[in-house]
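*Asks:*
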Amino acid sequence: MEYNTQRPQLKISDYGRNVYKLIQYAKGLEDRQMRTQVAQAIVDIMANCEDGIKPTDENKRKYWVHLMILADWDLDIDIPYEISKEDSEEFHPN
Numbered sequence: 146m147e148y149n150t151q152r153p154q155l156k157i158s159d160y161g162r163n164v165y166k167l168i169q170y171a172k173g174l175e176d177r178q179m180r181t182q183v184a185q186a187i188v189d190i191m192a193n194c195e196d197g198i199k200p201t202d203e204n205k206r207k208y209w210v211h212l213m214i215l216a217d218w219d220l221d222i223d224i225p226y227e228i229s230k231e232d233s234e235e236f237h238p239n
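Throughout the sequence shown, residue numbering follows my numbering, covering 146 to 239 in sequence.
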């Protein structure tokens, strides 16, 4: 049996381990278009995790930044927003 204390520390715990596992799955996909589609689905799941927050452009951009933070900026996908590693400081939860 695997315990959470034996697993790697989550960078953003708000989304849980299942989102992290989905990101690891997306990283393993060979086709860039398929990775991008899976990443979009992951961002939609991340948005559903936060109840009561309206899906504004700024919030959607935040989810893409969080996705890249969780993926260690090592996910080769087409992102609908201009983001960089410097954005991670702005959108990283306290």
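C-beta atoms are modelled at their ideal positions from N, C-alpha and C, and glycine is treated no differently.
Can you give me the Cβ contacts of N163 inside the same chain, cut-off strictly under 6 Å, excluding the 5 residues immediately before and after it?
*Replies:* Nothing listed; no residue qualifies.
*Asks:* With respect to 6 Å, is the separation between the Cβ of E203 and the closest non-hydrogen atom of the ligand SAH below this value?
*Replies:* As for the ligand SAH, it is missing from this structure, which has no ligand bound.
*Asks:* Ignore the nearest five residues each way along the sequence and tell me which others in L220's own chain have a CB closer than 8 Å to its CB.
*Replies:* Once the five neighbours on either side are set aside, the close Cβ partners of L220 are I168, A171, K172, R180, A184, L212 and M213.
*Asks:* Let's test the definition: count the other Cβ atoms within 10 Å of the Cβ of Y262 and tell me whether it reaches 16, buried, or not, exposed.
*Replies:* The requested residue 262 does not occur in the structure, where the chain is confined to residues 146 to 239.
*Asks:* Please list, in chain order, all residues of the same chain as I157 whose beta carbon is under 7 Å from its beta carbon, the five residues on each side excluded.
*Replies:* Excluding sequence neighbours, I157 sits near H211, I214, L215 and P238.
*Asks:* According to the neighbour-count rule (16 or more other Cβ atoms, all chains shown, within 10 Å of its Cβ), is W218 buried or exposed?
*Replies:* Exposed, since its Cβ has fewer than 16 Cβ neighbours within 10 Å.
*Asks:* Under 6 Å Cβ to Cβ from R206, same chain only, skipping five residues before and after it: list those, please.
*Replies:* Within the same chain, R206 has close Cβ partners Y226.
*Asks:* Could you compute how far the alpha carbon of E231 sits from the alpha carbon of Q151?
*Replies:* Taking the straight line from one Cα to the other gives about 30 Å.
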